[in-house]
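Engineer:
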């Protein structure tokens, strides 16, 4: 029924043929007020029936700073930060750059893009330090060189965690990731380095991981040792099947393994 019909009127009747028409045109305004009142009821009823849906929950954003492992170098696949975000149904902002040292990762955080990313992050993943120790390994400086490089890694990653806390506060999870190896591993490493070189690589990796573990602890961040993901629970498995042809970077299966390990640590990040 139309609003006019509900008011006892029909639209545009011939003058003088309908009792209500004179009331409408005669200046009393009573019928006009009746029409407006009925129209208001109809509008309010429509609004009540079509209430706005509840707003969606805030989006979870995973922000990553790191080196070639986090960037997905040489795997021709989706890198682990994006795979982890996919498990959460979250957005991934992966700022990892191949070749980055710990100092370069910390500097990236202080760029406009990096700062804005941290301010909007629910989770920040940090994976850097392998290139620092790889340089010492290739220079052949031994334990002394590893210790010096590890000191730099610890200092820079400690600063990176502190920077996240400064920009984002406590409502953000920070995860520092260690390495299964800072250089080549598996069959490729045995061919390229020999037994002595493999032992040196393991030593360099321990220095890196110890530095990263201390940096995480200093800032109250979580730490993940990725060696279990690629080398098994006891760290002794051959990771060749999880590595790219270069023996240095994870392949698609390796990236999946790291993503699963990250999810085990942080399955329910804050929003």
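Residue numbers (the working numbering): 412 to 682. For glycine and all other residues, C-beta sits at the position ideal for the given N, C-alpha and C.
If contacts are defined as beta-carbon pairs under 8 Å, then residue 583 and residue 535 qualify, I think. What distance do you get, rounded to the angstrom?
Structural biologist: What you label residue 583 is simply residue 172 of the chain shown in a count that begins at 1. What you label residue 535 is simply residue 124 of the chain shown in a count that begins at 1. Correct: roughly 6 Å between the Cβ atoms.
Engineer: Among residues of its own chain, excluding the 5 on either side of residue 494, which ones have a beta-carbon nearer than 7 Å to its beta-carbon?
Structural biologist: Reading the chain shown from its first residue, position 83 is the one you call residue 494. Same-chain partners within the cutoff: 666, 667 and 670.
Engineer: Tell me where the beta strand (DSSP E) around residue 593 begins and ends.
Structural biologist: As a first step, residue 593 must be located in the chain shown, where it is residue number 182. Premise fails: residue 593 is in no beta strand (DSSP E) and is neither H nor E.
Engineer: At a cut of 8 Å, does the region 535–545 reach the region 598–607 through at least three beta carbon pairs?
Structural biologist: In short, these stretches do not touch, since the Cβ pair count stays below three.
Engineer: Between residue 590 and residue 616, how many whole angstroms is the CB-CB distance? I'm expecting something under 8 Å.
Structural biologist: Reading the chain shown from its first residue, position 179 is the one you call residue 590. Reading the chain shown from its first residue, position 205 is the one you call residue 616. Contact holds; Cβ gap of about 6 Å.
Engineer: Could you check if residue 524 is buried or exposed, using at least 16 other CB atoms within 10 Å of its CB as the buried criterion?
Structural biologist: Translated into the one-based positions of the chain shown, residue 524 becomes position 113. Exposed, by the Cβ-count rule.
Engineer: Taking contact to mean at least 3 C-beta pairs separated by less than 8 Å, is the region 606–621 in contact with the region 558–575?
Structural biologist: Verdict: yes, contact present.
Engineer: Looking at the structure shown, is residue 649 part of a helix, part of a strand, or coil, going by DSSP?
Structural biologist: Against the chain shown, residue 649 aligns to sequence position 238. Coil.
Engineer: Using a threshold of 8 Å, state whether the C-beta atoms of residue 355 and residue 501 are closer than that.
Structural biologist: Residue 355 falls outside the range modelled here, since the chain spans only 412 to 682, and no answer is possible.
Engineer: Just checking, does the region 475–489 make contact with the region 653–664 on the three C-beta pairs under 8 Å criterion?
Structural biologist: Yes, since at least three Cβ pairs between the region 475–489 and the region 653–664 fall closer than 8 Å, the two stretches touch.
Engineer: Am I right that residue 586 and residue 499 are in contact with their C-beta atoms under 8 Å? What's the rounded C-beta distance?
Structural biologist: The sequence position of residue 586 within the chain shown is 175, counting from 1. The sequence position of residue 499 within the chain shown is 88, counting from 1. Wrong, their Cβ atoms sit about 13 Å apart, outside the cutoff.
Engineer: Between residue 612 and residue 592, how many whole angstroms is the CB-CB distance? I'm expecting something under 8 Å.
Structural biologist: Indexing the chain shown from 1 puts residue 612 at position 201. Indexing the chain shown from 1 puts residue 592 at position 181. Right, their Cβ atoms sit about 6 Å apart.
Engineer: Since residue 564 and residue 623 should fall inside the 8 Å C-beta cutoff, what is the C-beta to C-beta distance between them, to a whole number of angstroms?
Structural biologist: As a first step, residue 564 must be located in the chain shown, where it is residue number 153. As a first step, residue 623 must be located in the chain shown, where it is residue number 212. With a Cβ gap of about 7 Å, residue 564 and residue 623 count as contacting.
Engineer: Could you work out which residue in 475, 653 and 644 is closest to residue 530 when comparing CA atoms only?
Structural biologist: Your numbering for residue 530 matches position 119 in the chain shown. Out of 475, 653 and 644, 475 has the C-alpha closest to the C-alpha of residue 530.
Engineer: Check residue 662 in the structure and name its three-state DSSP category.
Structural biologist: Numbered from its first residue, the chain shown carries residue 662 at position 251. Note: residue 662 maps to coil in three-state DSSP.
Engineer: What residues match up with residue 618 in a beta bridge as DSSP calls it?
Structural biologist: Residue mapping note: residue 618 aligns to position 207 of the chain shown, counting from 1. Its beta-bridge partners do not exist; DSSP assigns none.
Engineer: What residue ranges within the region 472–501 form continuous alpha helix (DSSP H) runs of no fewer than 4 residues, ordered along the chain?
Structural biologist: Listed in chain order, the complete alpha helix (DSSP H) runs (minimum 4 residues) inside the region 472–501 are 479–482 and 491–499.
Engineer: If you draw a straight line from the alpha carbon of residue 680 to that of residue 650, how long is it in whole angstroms?
Structural biologist: Taking the first residue of the chain shown as 1, we reach residue 680 at position 269. Taking the first residue of the chain shown as 1, we reach residue 650 at position 239. Near 29 Å, if we compare the C-alpha coordinates of residue 650 and residue 680.
Engineer: Starting from residue 635, trace the beta strand (DSSP E) both ways and give me its first and last residue.
Structural biologist: Looking up residue 635 in the chain shown gives position 224. 633–635 is the span of the beta strand (DSSP E), which, as asked, contains residue 635.
Engineer: So which of 629, 552, 480 and 511 has the shortest CA-CA distance to residue 576?
Structural biologist: Residue mapping note: residue 576 aligns to position 165 of the chain shown, counting from 1. That would be 629, whose Cα lies nearest to the Cα of residue 576.
Engineer: What three-state label does DSSP hand residue 544 in the structure shown?
Structural biologist: Within the chain shown, the letter at position 133 stands for residue 544. It is helical.
Engineer: In whole angstroms, what separates the C-alpha of residue 614 from that of residue 507?
Structural biologist: Reading the chain shown from its first residue, position 203 is the one you call residue 614. Reading the chain shown from its first residue, position 96 is the one you call residue 507. Distance between the alpha carbons of residue 614 and residue 507 is about 25 Å.
Engineer: Which residue marks the beginning of the beta strand (DSSP E) containing residue 537, and which one marks its end?
Structural biologist: In the chain shown, the residue the question calls residue 537 occupies position 126. Residue 537 -> beta strand (DSSP E) spans 534–538.
Engineer: Under a CB-based cut-off of 8 Å, is residue 528 close to chain C?
Structural biologist: This model lacks chain C altogether; it includes just one protein chain.
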